[in-house]
Each structure stands twice: as C-alpha cells, then as structure tokens.
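Q: Residue numbers for the sequence shown, in UniProt numbering: 1 to 858. Think of the CB as a built atom: it goes at the ideal place given N, C-alpha and C, for glycine as much as any other residue.
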Amino acid sequence: MLVNSPNHSHSAANAVFSTGVDSDLENPASPPNTDADPATSHTSSSPKSPHPDFMSPSPAPTDPPPEPDPHGSLSAPGFFDTDAESTDPDDGTVSTQGTLFDTDPPPWELAAQEDIAVASVVFSDAPHGPYDYRIPDAMREHLQPGMRVHVPLARRKRPTVGWCIETKQGSSHNRSLSDVAEILDDEPLCDPPLVRLVTWMSHYYQSPAGQVFDTLIPSSVRTNAGTRETTYLSPAPSTDDETVVAALPAKQQRVLRLLIAAARPMTSSQLQIHAECTAAPVNTLRKKGLLRETVRREMTSGSSTRWQIDDGEKNQTHDLTEDQTNALQKITAALDTGKAATLLLHGVTGSGKTEVYIKAIEHVVKFGRAAIVLVPEISLTPQTRGRFERRFPSVAVLHSQMTPAERHFQWQRIRSGEVQVVVGPRSAVFAPLPRLGLIIIDEEHDGSFKQDSQPRYHARKVAFARAQSLGIPLLLGSATPSLESWHATRTGHAEMISMPNRVGNRPMPDVQLVDLRLKEDRGRRGAISRQLHLAVTEVLNEKGQVILLLNRRGFATTIQCPACGHVVACPDCDMPLTHHRDGSKAVCHYCDYTIATPPWCPACKFDGIRYSGLGTQRLEEEVKARFPGARIARMDSDTMRRPGSHQKVLSAFRSGELDLLLGTQMIAKGLDFPNVLLVGVINADGALHFPDFRAAERTFQLVTQVAGRTGRGNRGGRVIVQTFSPEHMAIQAASRHDYYQFAEAEMINRAKFNYPPLGSVARIIIRGAIEEVTEATAESLVGRLEAAKQSLGADVRILGPAPPPIVKLRGKYRFHILLQALDPRKLGDTIRTATKTFKIPEKDDVQYVIDIDPVDML
Ligand SMILES: Nc1ncnc2c1ncn2[C@@H]1O[C@H](COP(=O)(O)OP(=O)(O)OP(=O)(O)O)[C@@H](O)[C@H]1O
Ligand SMILES: [Zn+2]
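This is the structure we're talking about:
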C-alpha cells in the first residue's frame with residue numbers, strides 16, 4: 001500500500017471557528033448575555049443561556065502577540081483568523097491584520113509586500129510561535145497548512161521542525177523574514193478543518209499549538225513507522241529518442257527496452273529479475289541519466305490489524321424495539337438535515353444503545369460517509385469490537401496496545417477514505433476520516449475522555465467542536481449522562497432522546513441496600529456482609545455468575561464516622577476534608593480551610609471516627625476464603641497489565657469458565673453477560689466522599705452502571721449495594737435506577753457554588769522540588785490572577801493555593817489553584833492575562849500546568 005494517498009478535501013468543511021459573531025462575545029464592551037451562537041441556534045428558537053460545554057468554540061481575537069524572537073520573525077497576532085473573511089475591520093477586538101502596518105506604507109511598498117508568500121509556523125517546544133517565515137518561490141505551490149517544515153529558529157544551528165498553520169501574502173513589514181528551509185511532508189498531515197481544530201484547542205486549553213499537533217498526529221505517523229523508502233526507476237524523457245536507445249550496448253539496451261515496454265516504474269531489483277541481469281547495467285543507465293528515479297515511501301508490513309479473537313458472542317440482528325426505532329428516527333432526521341446538532345441518547349442499561357449506533361452508522365455509510373465511535377479505553381472489549389466488525393466491512397479499531405507500525409497503518413487506511421467506522425478511545429476523535437458524517441461517544445460520561453497530560457483536552461468538547469465545524473451531528477450515549485450533557489438538553493444546546501426500557505421488556509434489576517453502619521449487617525469480619533455472602537452462595541449454587549465491585553483507588557482517606565456515616569466537610573466548599581497524618585490536620589483541598597482532625601464525630605459525638613482503606617487484593621483473598629469452590633478472577637489495573645489479559649478474562653467469563661469476577665470500575669460498564677445473576681458493590685461510598693464536586697455524580701454513575709450488568713438475560717438478576725450512606729441521594733437514586741431524580745437533585749448542589757455545568761472550573765497545578773519555593777510561586781501566581789481578574793473586570797472566583805489531595809508526586813511538591821466562573825471565556829482570559837508574562841526563574845525549578853475543565857482533582 002502506498003502511503004502518499006491523495007489528499008481528500010472536506011466537502012462539508014464550513015468554517016465555524018470564524019470570528020465574526022463570536023468575537024463580539026469576547027469583547028467586554030459588548031452587551032452581556034448576547035448569546036449569538038449561530039452554530040447551535042437551530043436546535044431551539046428560544047434564547048439560550050450559555051453552556052460552558054456546548055458553546056461554539058470561540059477563537060481568540062485578542063490573543064496577544066507572542067514574545068519577540070531575535071531570529072525568527074514575529075507573526076501577526078491573528079492566530080485564529082485563519083480564513084480571510086474572519087477579519088472584520090469594524091470589530092475593534094480584531095487587531096490582527098489591521099496592526100500589521102503601523103503607518104500606511106506607500107502603495108509600491110504594499111505591492112512589494114504582498115508579493116511575499118509567508119507561512120506561520122508553530123513549534124512544540126518553546127518558543128512556541130507562531131512565527132512568520134518567507135516561503136521561497138520554489139515551495140510556494142507546495143506548502144500548505146498542516147505540513148511540517150524545517151525552519152531556522154533563534155540561534156540554533158540546526159533547523160527546527162515546526163508546523164505550518166497558515167500561508168498568506170506578505171507581512172514582512174520592515175523586517176526581513178527568514179526562509180522556510182525545507183518542507184517535510186508531501187501531503188498535509190491535517191486537513192484545513194483539523195488545522196482549525198488545532199488552533200482552537202491550543203487557545204481553549206492554553207496549550208502550545210505545536211504540542212496539539214503532536215497529539216493529533218501520532219508519533220508513529222510523524223516518524224513513518226513501519227515504512228521504508230523505495231526508489232523506483234522509469235525511462236528518462238531522453239529515451240523517447242530511439243537513436244539514443246539504439247546506440248547503447250546490448251545489455252543496457254535490453255534493460256531499458258524492457259522498462260519502456262513494462263510502462264510502469266520498477267525497483268532496481270525487480271528490473272534485474274525481469275531482465276535477468278546484474279546490477280551493473282542498471283547502474284550504468286542511472287549514471288548516464290537515462291533512468292528517472294522516484295522515491296516512494298511504502299508500508300513494510302501491510303498486514304491488517306483486525307483483532308483475530310473476539311469473545312465468542314454470536315452475531316445477531318434484531319428487530320428494533322419501539323424505543324430503538326424512535327431513537328433511530330430522531331438521529332437519522334438530524335443526519336438528514338446536513339447540519340450540526342448534538343443529540344443525547346439516554347438509554348437505561350441494557351436498552352440496546354449499540355444497536356442504535358450501528359443502525360445510525362449504516363445510514364451514514366449509505367451516503368458514502370464515515371463515523372467515529374469513541375468508547376472508554378476499558379470498554380474496548382472484544383465484545384464492542386466484534387459488534388462493529390461483524391456489521392461493517394471496513395472498521396479501524398484503535399487501541400493503546402498497537403505497535404507504532406500498526407498505528408501508522410491504521411492512520412493511513414483511515415485517511416485514504418477506505419474506512420467506514422473508526423472505533424477507539426479519546427484520541428480517535430482526531431481520526432483523519434476524509435468524509436466524516438457522524439461522531440458517536442458511547443458512555444459519554446466517562447472520565448477517560450479527558451486527557452490528563454498536555455494538551456488536557458476533553459474528547460467530548462473536541463468532538464463537539466469538530467462536529468460543529470463540519471456541520472455534522474454528535475451523538476452522545478449513556479445510561480448515566482454527565483450533568484454537562486444533561487444540562488445541555490435543558491438549555492436547548494442538545495436534543496434529548498430517551499430509551500427508558502430494556503430490550504425484551506426485561507425489568508431493571510432489584511437493588512437492595514445494605515447499611516454498613518448496622519453491626520449485624522456489616523458482618524463480623526472482612527468486607528462482605530451477611531446478606532451479600534448469602535446471595536453469592538445462592539447464585540453460585542444455581543450456576544449463575546457474580547460480579548463484585550470494589551472501586552478502591554490507591555489512597556484517599558476520608559474522615560467518616562462509622563456510627564452515623566457523617567463525613568467531615570468544608571463549610572465554604574461543601575467538600576469533604578482530607579486527613580493529613582502530619583500534625584493530624586483535616587484540610588479542604590479546594591480552599592485550604594484547615595481544622596484539627598476531630599477526635600469524635602462532630603455530628604453524633606461517636607468516639608472512634610475512622611479512615612477507611614480496603615483494596616481489591618484484600619477482597620480477593622476474602623472471597624477465596626469464603627467461597628472455596630468458586631472460580632474467581634480479579635480485574636484491576638494491576639492484574640490487567642499485559643496486552644490481551646482483558647479479553648482472556650472476559651472470554652473465560654462469557655464461556656462459563658469463571659464464576660465470579662471481582663474488580664474496580666473496569667468491570668462496571670458495557671459488559672453484556674446474560675448469566676450474571678448477582679452484582680455486589682462492596683462499598684458504594686468509596687467515591688462518594690472524595691474531595692471533588694463530581695463525587696456524587698461518579699458514585700451514582702458507578703453504582704447504576706455496575707447494577708446494570710445484571711438482569712440482562714432471561715434468568716433475571718439482583719444487586720446488593722453495601723454503603724455507609726444508604727440515605728444519600730446518589731445512592732438512593734441509583735438504587736431506583738432513577739437518573740432524573742439524581743440529576744435534578746445534584747443540580748441544586750452544583751448551583752450553590754456554580755460548579756459545572758452551571759459554570760466553568762479551571763485548575764492550575766504548581767509543582768517543584770522545594771516546598772517553600774513552590775508555594776511562593778503559587779502565591780505569586782494567585783497575585784497575578786487576582787490582578788488579571790481586576791483589570792478584566794472578570795467575575796472569577798480564585799481559590800487557593802492549597803495542597804491537592806496528592807501533595808507530593810514523583811518527588812515534587814504540589815499546590816493547586818482553582819478558578820471558577822460562570823463564563824468560561826472570562827476564566828480563560830483571566831488565566832491567559834495572568835500567565836502571559838509570568839516567568840519562573842530557572843533556578844527555582846518550579847513548573848505549572850493549566851487544566852481547563854479538570855476532571856481529576858488529585
Ligand atoms: N432489538 C433488540 N432485540 C433483542 N435484543 C436486542 C435488541 N437490541 C439489542 N439487543 C441486545 O440487547 C443487549 C444489550 O444491548 P447493549 O449492550 O447495546 O445495551 P446498552 O444499551 O449499551 O447497555 P449498557 O449501557 O448497559 O452498556 C445485547 O445483547 C444486544 O444484542
Ligand atoms: Zn473549602
């Protein structure tokens with residue numbers, strides 16, 4: 001397969017990142033609350049309040065120019081105005097092209113300037129650019145945005161690799177620009193809509209554009225993994241002259257005539273085989289200039305990386321249920337409008353969402369288009385893959401265990417347009433499908449869609465931006481939608497599609513709560529209560545299967561009263577306090593509120609408040625001891641290290657070789673095994689009292705999802721949830737499978753402090769080798785944030801610096817600052833303004849990272 005496939009252009013590439021309307025929103029002088037969001041306005045005619053997650057991506061017209069660089073040349077600040085029409089001379093905020101000329105230059109100079117072709121180039125390492133370079137005439141035809149170039153940068157001896165984000169006419173303005181030294185790609189690695197996506201992500205997540213490019217384009221693609229260069233020979237034009245050929249010695253003549261007759265380029269060794277000769281005549285012909293050489297890059301291993309094994313699930317086509325038919329109708333209607341739209345498919349566990357996705361994709365494929373299906377990495381089970389691969393002839397499955405060559409191979413397949421469906425984890429949102437028609441995110445509430453390293457993007461937000469820019473629907477699916485998506489349906493930014501019933505009219509499983517505060521329920525020793533023990537025994541006797549969930553994430557000590565269940569929390573933030581051993585402090589990790597650890601429960605005065613801690617490993621031991629005959633497997637990140645271990649365990653479970661599966665959240669979602677008759681949750685509170693405003697939401701999701709793993713066959717199913725907080729709203733709602741009750745109640749909590757989805761949150765993590773220096777840096781950053789907030793008149797709440805739950809990580813001390821605002825743009829601007837000139841002396845050895853819309857608060 002050839003790598004250099006033709007570049008397909010996006011037919012549906014309407015630019016939505018244009019600044020015309022959006023830039024008004026960024027202008028502090030414009031009237032507040034004018035939600036002129038053209039991209040989503042079709043979903044509702046009523047005025048919408050802004051939604052932090054589902055607002056059309058706004059560019060940064062006021063983005064300041066980058067630091068002057070003595071050797072590279074300064075680019076115009078119009079970083080986001082990649083298309084001409086976006087520059088509105090009447091809009092004061094767009095200073096871009098307008099400020100290129102301080103005074104009007106004489107017309108002849110203008111003409112001369114416009115004659116220069118200029119490329120804006122960004123870099124992944126500092127300085128990040130963008131900087132302008134002159135495009136030498138010979139490269140003018142070839143260089144396009146989305147290609148990599150070699151350019152001189154600063155005082156470096158060697159040329160630096162950069163990404164071209166824009167080509168334009170002259171901006172040299174009194175300065176002589178350096179030349180682009182070399183173009184590194186034959187074709188752009190990103191098409192124009194993806195280049196715009198990069199610039200938007202760079203702005204929104206405050207991450208260098210070069211780094212965003214490096215995230216979008218896998219390193220295996222950048223390094224051409226699994227390929228080699230091959231030189232092909234064809235007759236040079238001079239050989240059209242028969243006298244030239246006839247004058248050659250016999251051997252050379254034979255070789256050349258053979259190549260002319262073949263009428264296709266050949267490698268030297270192919271030619272030698274066909275002409276039955278040595279390398280000598282071929283080389284002589286080359287030296288004489290009678291052969292033209294072309295170098296092509298080719299895959300060395302063209303093997304398909306389809307996973308050979310699925311987990312043995314049989315192929316089934318179904319008549320759609322009424323819910324499914326209904327849902328599909330709404331989705332195809334959205335597809336047929338040819339416009340962007342966001343749809344939230346809220347279908348209870350076991351309602352058959354996958355079948356709806358597949359039917360929707362069939363509709364897309366009918367029109368020659370393709371779809372992306374994002375799934376949490378841990379749901380990338382053989383079951384999921386099998387369901388898509390059985391239904392479509394050309395599926396690309398992306399996963400973390402691919403070799404670089406495989407990854408590169410799949411990327412090229414995808415870009416060539418031969419792939420109908422891409423299934424993969426969050427990075428699959430960047431799949432370079434030339435005719436993308438639909439993006440689906442399954443289990444859209446899942447935390448793994450947020451990347452926890454730079455750029456810290458959320459795949460749902462990026463998918464939204466991509467879908468908007470292409471004018472295609474985004475379909476979010478979940479039994480437990482994120483409050484962000486749910487809120488979007490309430491504010492007219494997304495359409496709600498419900499599937500309230502399970503397929504085959506199966507009932508939702510019965511959920512029984514076991515109150516761990518009661519001694520007789522708790523069981524005398526260990527983690528398994530009497531009720532749960534009895535239920536497991538019963539099910540094992542009936543030859544049914546059991547799933548036990550213990551979502552114990554490493555550390556986290558919560559201060560909780562075993563008698564009344566009370567958890568000690570911060571009065572200002574409503575967040576549970578974390579116990580710090582040194583000095584017996586209880587600290588709020590949001591605002592640094594600190595008290596001495598209370599010796600007895602503040603609520604019921606019980607003497608013996610405790611810090612919990614039990615892991616899956618200990619649970620496994622207990623289960624083995626309690627049920628000696630049972631065949632048991634443990635699934636958590638410790639046991640699932642090796643590639644393929646996942647599907648091995650799941651296949652064994654499906655085939656009945658295992659009776660009991662215990663593990664962390666990785667067993668909680670997506671799995672569809674009809675013989676699971678019992679699900680046990682060891683401690684539903686594990687996630688509940690985490691110092692995180694999403695703690696209740698996570699608990700509800702986890703319990704609901706794992707409960708949904710049972711009752712999926714004809715034998716029914718039941719759920720036992722052990723908890724210290726049986727009356728907690730999240731657990732109550734989960735036990736009744738009542739998403740709406742949960743969502744309504746939780747929104748009231750979020751509203752108290754304008755936590756998302758009502759407002760936006762950002763987090764800045766500061767880390768350094770010396771605690772005092774790190775804290776001092778954090779404090780000076782807070783000072784700058786306060787100043788920026790004042791100068792912008794931005795309504796932003798700044799909390800901290802405070803120690804995060806993980807105060808020391810890999811030998812570095814950590815502090816964090818939290819920012820909250822109703823308007824995400826104000827939040828972003830405040831941080832941008834504060835960090836614009838914030839330089840930390842190298843000797844301090846302190847770094848900071850900005851996390852917009854953080855999911856992880858550790
Ligand atoms: N119309 C139908 N008739 C009968 N069975 C169906 C139908 N649609 C789907 N199924 C089956 O129902 C089961 C559940 O479907 P699926 O796994 O897609 O549920 P889901 O909605 O994704 O649930 P969860 O959120 O729990 O993962 C599957 O075994 C699937 O094959
Ligand atoms: Zn607090």
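(1) I'd like to check one pair, residue 802 with residue 830: are the Cβ atoms closer than 7 Å?
(2) Just how far apart, CA to CA, sit residue 226 and residue 298?
(3) So which of 688, 844, 487 has the shortest CA-CA distance to residue 813?
(4) What are the complete beta strand (DSSP E) segments, minimum 3 residues, inside the segment 590-667?
(5) How many angstroms separate the CA atom of residue 194 from the CA atom of residue 534?
(6) What residues in its chain sit with their C-beta under 8 Å from that of residue 593, if we drop five residues either side in the sequence?
(7) For ligand 3, list every residue whose C-beta falls under 6 Å from any of its heavy atoms, going in chain order.
(8) Taking a contact to mean a Cβ-Cβ separation below 7 Å, would you say residue 724 touches residue 565 in this structure?
(9) Please classify residue 403 as buried or exposed, where buried requires at least 16 other C-beta atoms within 10 Å of its C-beta.
(10) On the CB-based measure, 16 or more other CB atoms within 10 Å of its CB, does residue 102 come out buried or exposed?
(11) Between the alpha carbons of residue 690 and residue 766, how many angstroms are there, rounded?
(12) State the CB to CB distance for the pair residue 760 and residue 687, rounded to an integer number of angstroms; the pair is presumed to be in contact (CB under 8 Å).
(13) Along the beta strand (DSSP E) that carries residue 860, what are the first and last residues, could you check?
(14) Could you pull out every residue in the same chain whose Cβ sits closer than 6 Å to the Cβ of residue 640, ignoring the five residues on either side in sequence?
(15) Check whether the Cβ atoms of residue 393 and residue 415 lie closer than 7 Å to each other.
(16) Could you pull out every unbroken alpha helix (DSSP H) segment of at least 4 residues lying fully inside the segment 180-204, listed in chain order?
(17) Quick check on residue 210: buried or exposed, where buried means 16 or more other Cβ atoms within 10 Å of its Cβ?
(18) Please give me, in chain order, every unbroken run of the alpha helix (DSSP H) with length at least 4 that falls completely inside the segment 327-415.
(19) Quick check: what's the CA-CA separation for residue 395 versus residue 161?
(20) Ignoring anything shorter than 3 residues, give me the beta strand (DSSP E) runs that lie fully in the segment 496-550, in order along the chain.
(21) Cβ of residue 122 within 7 Å of Cβ of residue 168?
(22) What's the call for residue 505, buried or exposed, on a 16-neighbour Cβ count within 10 Å?
(23) If distances are taken between C-alpha atoms only, which option among 182, 178, 192 comes closest to residue 166?
(24) State the DSSP-derived secondary structure class of residue 729, mapped to helix, strand or coil.
(25) What is the C-beta distance between residue 774 and residue 815, in whole angstroms, given that I count them as a contact (C-beta under 8 Å)?
(26) Identify whether residue 469 lies in helix, strand or coil by the three-state DSSP scheme.
(27) Is it buried or exposed for residue 854, if we count other Cβ within 10 angstroms and need 16 for buried?
(28) The alpha helix (DSSP H) with residue 777 in it runs from where to where?
(29) If you measure between the beta carbons of residue 124 and residue 214, is that distance less than 7 Å?
(30) Please name the residue or residues paired with residue 228 in a DSSP beta bridge.
(31) Give the DSSP-derived three-state secondary structure of residue 886 in the structure shown.
(32) If you draw a straight line from the alpha carbon of residue 259 to that of residue 265, how long is it in whole angstroms?
(33) Please tell me whether residue 413 and residue 419 are closer than 7 Å, where the distance is taken between their beta carbons.
(34) Tell me, please, whether the segment 663-671 touches the segment 372-384 by the rule of three or more beta-carbon pairs shorter than 8 Å.
(35) So for residue 844, helix, strand or coil by DSSP?
(36) What residues match up with residue 134 in a beta bridge as DSSP calls it?
A: Taking the definition as stated:
(1) no
(2) 8 Å
(3) Of the candidates 688, 844, 487, 844 places its Cα closest to the Cα of residue 813.
(4) 594-596, 632-635, 660-663
(5) 56 Å
(6) 570, 571, 572, 573, 577, 587
(7) Ligand 3 is not among the ligands present in this structure, which contains only ligand 1 and ligand 2.
(8) yes
(9) exposed
(10) Its pLDDT being 36, under 50, residue 102 is placed unreliably in this model, and the value from its coordinates should be taken loosely. Classification of residue 102: exposed, given that the 10 Å Cβ count is below 16.
(11) 21 Å
(12) Actually they are not in contact, since the Cβ atoms of residue 760 and residue 687 sit about 23 Å apart, beyond 8 Å.
(13) Given a span of 1 to 858 for the chain in the structure shown, any question on residue 860 remains unanswerable.
(14) 646
(15) no
(16) 192-204
(17) The residue is buried, with at least 16 neighbouring Cβ atoms inside 10 Å.
(18) Those alpha helix (DSSP H) runs which fall completely within the segment 327-415 and span 4+ residues are 353-366, 382-389.
(19) Taking the straight line joining both Cα atoms gives about 33 Å.
(20) If we require 3 residues or more, the beta strand (DSSP E) runs fully inside the segment 496-550 come out as 510-515, 545-549.
(21) Contact: no.
(22) exposed
(23) 192
(24) helix
(25) 6 Å
(26) helix
(27) buried
(28) 771-792
(29) Going by C-beta atoms, residue 124 is nearer than 7 Å to residue 214.
(30) 298
(31) With the chain represented from 1 up to 858, any question about residue 886 goes unanswered, as that position is not in the structure.
(32) The alpha-carbon atoms of residue 259 and residue 265 are separated by roughly 8 Å.
(33) Yes, the Cβ-Cβ distance between residue 413 and residue 419 is below 7 Å.
(34) yes
(35) helix
(36) 118, 179
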